[in-house]
């Protein structure tokens, strides 16, 4: 090889070595995925004990429970009053039934009261309401949107069933609507299908929210993970959890009958009980 060829080869090697990046001393650390919350199976006894603890929370801090319960009851009355004011009083019953779907979101304040009592933190309105207000920066707002979305679906399917089963007729009074749905075959079919669809929507929303709302309040997780965890909790203990869902629906119906006044007591107890059931279902962080 000539001197010029050797020089050319040396220069080429030097250029390549300069152009190629230096090998890294170590590969970048892999991204570690946060483990999903773990759930435990629960029994009817666990649910009963959660209800007892919920009653104790309500007894220990009745003003908080009564305030949130009264707020919820007032919301129900306002929705029904608006229906009559808008001339669609026949939708009062579907609206009242669908309004129960918003209960888990309203109960967030009750979860916070139970959480503070559990941790031995003094209760104060500024602390409880401040914690709720701070949730606007977290994932709880998305769960509220999910709840509202299911409520909207509920009302749309009611209007669809009205059009399909009862035609495009209008009802001037609530009494006229009740007469049609209780004395005609079309009305019976409307009630049957409406209640079946409503029960399915209620079960879906219950599965998505029974654990997710308290979980989002308690931990820094995204709302999708919270919903998945909630569904896993129901799948892990299907019979006790579906029984708990049926109990909630029954209590809310009974509480809503006397002008929503029963919700002032029932909502706080159910809210506190839900927090304690969440503690039994979701395994604490290590």
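Residue numbers (the numbering used here): 272 to 557. By construction, the Cβ of each residue, glycine as well, lies at the ideal position given by its N, Cα and C atoms.
With 16 as the cutoff for other CB atoms within 10 Å, does residue i come out buried or exposed?
i: residue 525; result: exposed
i: residue 303; result: At residue 303, the pLDDT of 49 sits below 50, so the modelled position is not reliable; the number obtained from the coordinates is stated separately. Residue 303 is exposed by the Cβ-count criterion.
i: residue 528; result: exposed
i: residue 311; result: exposed
i: residue 425; result: buried
i: residue 523; result: buried
i: residue 466; result: exposed
i: residue 506; result: exposed
i: residue 434; result: exposed
When you compare only the Cα positions, how much space is there between residue i and residue j?
i: residue 503; j: residue 478; result: 8 Å
i: residue 334; j: residue 321; result: 20 Å
i: residue 360; j: residue 389; result: 44 Å
i: residue 316; j: residue 545; result: 14 Å
i: residue 641; j: residue 493; result: A question about residue 641 goes unanswered here, because the residues of the chain that appear run from 272 up to 557.
i: residue 515; j: residue 541; result: 10 Å
i: residue 538; j: residue 340; result: 6 Å
i: residue 380; j: residue 406; result: 11 Å
i: residue 351; j: residue 367; result: 7 Å
i: residue 533; j: residue 451; result: 29 Å
i: residue 455; j: residue 356; result: 27 Å
i: residue 330; j: residue 469; result: 33 Å
i: residue 556; j: residue 326; result: 26 Å
i: residue 349; j: residue 393; result: 33 Å
Less than 8 Å between the beta carbons of residue i and residue j, yes or no?
i: residue 496; j: residue 328; result: no
i: residue 418; j: residue 375; result: yes
i: residue 370; j: residue 336; result: no
i: residue 372; j: residue 476; result: yes
i: residue 410; j: residue 436; result: no
i: residue 432; j: residue 464; result: yes
Taking C-alpha atoms, which residue in the options lies nearest to residue i?
i: residue 428; options: 393, 411, 472 and 413; result: 472
i: residue 377; options: 369, 464, 342 and 432; result: 342
i: residue 508; options: 548, 533, 530 and 490; result: 548
i: residue 386; options: 499, 487 and 442; result: 487
i: residue 519; options: 474, 498 and 554; result: 474
Leaving aside the five residues before and after residue i along the sequence, list all residues of the same chain whose C-beta is less than 7 Å from its C-beta, in chain order.
i: residue 445; result: 360, 361 and 363
i: residue 535; result: 337, 340, 341 and 344
With a threshold of 6 Å on Cβ separation, who are the neighbours of residue i within its own chain once the five nearest residues in sequence on each side are excluded?
i: residue 485; result: 382, 546 and 549
i: residue 481; result: 501
i: residue 551; result: 313 and 317
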